[in-house]
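K.L.:
Sharing a structure here in C-alpha cells format.
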Ligand code: BGC
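Written out as C-alpha cells, the structure is:
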C-alpha cells in the first residue's frame, strides 16, 4: 500500500537536541540569546545541553537503528558551522561533527534528510537586522552553498528552511519565539518574504551548481493545520476558512508551487486593511522583484509539517490595531469533539492529514510529498506506556495510507516528530514529543524507548515487508 522506497523516518532539530551551545568554537544563535533572557521560556529552561546530542550522537544512532528507520531528518546549526554566520570563518569542529553524523547514518543504511535552517539564526546576523533585513537572503544562500559543497556528495534530500510561517509569526508578530519581536502586522510579512527569497536563491544555487553532479532534491518545509468552516452552510464561514488557509499554507505554497506570488486573498485583505487603518508607506506585504531569482518552481517536492486541525469562523477583522489576525479576519475554534493531546493547541485529528494531502494534490499540481513532521505531545508525569500516542500514530499512518492508496496522493515518506524528547521551544522540556524518553535530570541524558517508539518500529517493519512482497 505504500510505494516502494517509501521513507520511514523521524525528525529532530539542532537547537532542540544538540546542546554544546558554545562547544568547540560554535557561535551563539538567536535561541541561545533568547533562552538566556529572563522570562522567555517555561521554567527558564534552555537548550544549553538539551539531549546533549553533540556528545551523545552514538546514542541517537542506536535509537535510530532500534526503530528500523530508513531515513533520519536532522538540522544543521548554522552558527556551529559558521560562527559569525558568514563563510569568512568556518568552524572545522562543526564540519567534523556533521560529517560523522552523516557518514554514520549512511554506514547504517539510513538516508539523511538535512534541514539547513530550523529557527536558529546566528546571533551575529540578528545583530545586523536578522530576517527583517533584505541582505540576509544572500547570506543564507552562501551558507547553503557551503553546505551543498561540504555535505552534498552524501546528502541527497535537503530542506532549506523549516516552517517559515512559525519563524515569521511566532518570532516577529507574537514574540514567543526568538528573536522575540512583537511588531504585529508588519515584521512577519517582511520576514516571510525574505525567507522565500533566501529559499529561492538557495534552490537556484543547487540547481545550477550542484544538482548536475549531486543529483539531490531541495524543498522548504511548510507547516499548516487543516481548516474547515465552523458552519459549512454559512458562506462567510467558508470564506473565513479559505482566508485562514491562504494565510498559512498559501502564504508559502502559492509563491513556490502555484503562481510565483502570494495568494490573491492575502494580498487583497492586507491592502484593504492597511487602507482602512490608514497605514502609510505602501502595502505591508512586499512584492517579488523581477530582478531576483524566480520563486515559482523552486521545490523538488512538497515538505509538509502537519500537527492538527481547526474549525474557523470570521473574526478579528474589526480591530483597530494592525495585526495579522485582523488582516485575515478568521477566528480559529477548537471542535469540542476533538481530543486534545498534551498541549492545548494540539487537537488530535488524524483524518485532517488526509484532507490536507488532498488539498495539496489538488491545488499545488500534484507534487511528490514528504510528511516531514507529525507528532503527539505528552505533558505531566512520565508515561512510558503512552497508549494515546500509539493510537495517534496508528490512526494517522492509516489516514496517510488511504491518501496514498485510495486518493492517489503522491506521498513519498513520513517522518515522526520526534526521535527524542527534546527542548520544545517556549515550552522548554515540559512538553515531550519523543519516540524515546530523555531523562533531563540525568547527566547522561539516558534515552528510553516509549511504547509508541516500539509500535512505530513494528509498523515500519510491517509496511516494509508489505512493500517487498
Ligand atoms: C517544529 C518543531 C517543534 C514541533 C512541535 C514544529 O513547529 O518544526 O521544531 O518541536 O513543531 O511543536
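In this note's numbering, the protein residues as written are -18 to 450. Beta carbons are placed, not taken as given, at the ideal position from N, Cα and C, and that holds for glycine. Predicted model only: the values in this text are computed from it and were never measured.
Could you check which residue in 345, 126, 336, 169 has the C-alpha nearest to that of residue 289?
P.N.:
Measuring from the Cα of residue 289, the nearest candidate turns out to be 336.
K.L.:
What I want to know is whether the C-beta of residue 143 ends up closer than 6 angstroms to one or more non-hydrogen atoms of the ligand BGC.
P.N.:
Yes.
K.L.:
Is residue 468 near the ligand BGC - that is, is its Cβ less than 6 angstroms away from at least one heavy atom of it?
P.N.:
Only positions -18 to 450 of the chain appear in this structure, which leaves residue 468 out of reach.
K.L.:
Under DSSP, the alpha helix (DSSP H) around residue 61 begins and ends at which residues?
P.N.:
Where residue 61 is concerned, the enclosing alpha helix (DSSP H) stretches over 59 to 62.
K.L.:
In this structure, how does DSSP classify residue 209 when only helix, strand and coil are distinguished?
P.N.:
Looking at residue 209 - three-state DSSP - the assignment turns out to be strand.
K.L.:
Name the DSSP beta bridge partners of residue 87, please?
P.N.:
According to DSSP, residue 87 bridges with nothing at all.
K.L.:
Where does residue 486 sit, in a helix, a strand or coil, going by DSSP?
P.N.:
Outside the displayed span of the chain (-18 to 450) sits residue 486, for which this structure offers no information.
K.L.:
Our contact map puts residue 380 next to residue 334 with C-beta atoms below 8 angstroms; I'd like the distance itself, whole angstroms only.
P.N.:
That pair is a contact at about 5 angstroms.
K.L.:
Does at least one heavy atom of the ligand BGC sit under 6 angstroms from the Cβ of residue 147?
P.N.:
Flag set: Cβ of residue 147 near the ligand BGC.
K.L.:
Taking the beta carbon of residue 193 as the centre, do at least 16 other beta carbons fall within 10 Å, making it buried, or is it exposed?
P.N.:
Exposed, since its Cβ has fewer than 16 Cβ neighbours within 10 Å.
K.L.:
In chain order, what residues of the same chain have a beta carbon less than 7 angstroms from the beta carbon of residue 434, not counting five sequence neighbours either side?
P.N.:
So the qualifying residues of the chain are 48, 416, 417.
K.L.:
I'd like to know whether the C-beta atoms of residue 292 and residue 276 end up nearer to each other than 7 angstroms.
P.N.:
The answer is no: Cβ separation not under 7 angstroms.
K.L.:
Quick one: measure Cβ to Cβ for residue 7 and residue 64, integer angstroms, because I've assumed they're closer than 8 angstroms.
P.N.:
That belief holds up - the Cβ atoms of residue 7 and residue 64 are roughly 6 angstroms apart, short of 8 angstroms.
K.L.:
Taking all protein chains shown into account, decide if residue 2 is buried (16 or more other Cβ within 10 angstroms of its Cβ) or exposed.
P.N.:
Classification of residue 2: buried, given that the 10 Å Cβ count is 16 or more.
K.L.:
Within the chosen definition, does the stretch 397 to 404 reach the stretch 351 to 362 through at least 3 CB pairs nearer than 8 angstroms?
P.N.:
The stretch 397 to 404 is in contact with the stretch 351 to 362.
K.L.:
Let me confirm a value: residue 44 is counted as buried when at least 16 other C-beta atoms fall within 10 Å, else exposed. Which label applies?
P.N.:
Counting Cβ neighbours within 10 Å, residue 44 comes out buried, since at least 16 surround it.
K.L.:
May I have the straight-line CA-CA distance separating residue -14 from residue 94, to the nearest angstrom?
P.N.:
Approximately 14 angstroms between the Cα atoms of the pair.
K.L.:
Within the chosen definition, does the stretch 227 to 244 reach the stretch 201 to 212 through at least 3 CB pairs nearer than 8 angstroms?
P.N.:
The stretch 227 to 244 vs the stretch 201 to 212: in contact.
K.L.:
Of the choices 322, 438, 427, 132, whose alpha-carbon is the least far from that of residue 37?
P.N.:
It is 427 whose Cα lies nearest to the Cα of residue 37.
K.L.:
Please determine whether the Cβ atom of residue -13 lies at a distance below 6 angstroms from any heavy atom of the ligand NAD.
P.N.:
In terms of ligand content, the structure shown lacks the ligand NAD and carries the ligand BGC instead.
K.L.:
Starting from residue -10, trace the beta strand (DSSP E) both ways and give me its first and last residue.
P.N.:
Looking at the DSSP string, the run of the beta strand (DSSP E) that includes residue -10 is -12 to -8.
K.L.:
In chain order, what are the residue ranges of uninterrupted alpha helix (DSSP H) at least 4 long that sit wholly in the stretch 262 to 341?
P.N.:
Listed in chain order, the complete alpha helix (DSSP H) runs (minimum 4 residues) inside the stretch 262 to 341 are 305 to 309.
K.L.:
Taking C-beta to C-beta, are residue 222 and residue 209 nearer than 7 angstroms?
P.N.:
The answer is yes: Cβ separation under 7 angstroms.
K.L.:
With a Cβ-Cβ cutoff of 7 angstroms, do residue 404 and residue 31 count as a contact?
P.N.:
Yes, the pair counts as a contact, with Cβ atoms nearer than the cut-off.
K.L.:
Return the chain-ordered ranges of every beta strand (DSSP E) run that is complete within the stretch 64 to 119 and spans a minimum of 3 residues.
P.N.:
As far as the stretch 64 to 119 is concerned, its whole beta strand (DSSP E) runs of at least 3 residues are 92 to 98.
K.L.:
What does DSSP give as the partner residue(s) for residue 26 in the beta ladder?
P.N.:
The partner list for residue 26 (beta bridge, DSSP) is empty, contrary to what the question assumes.
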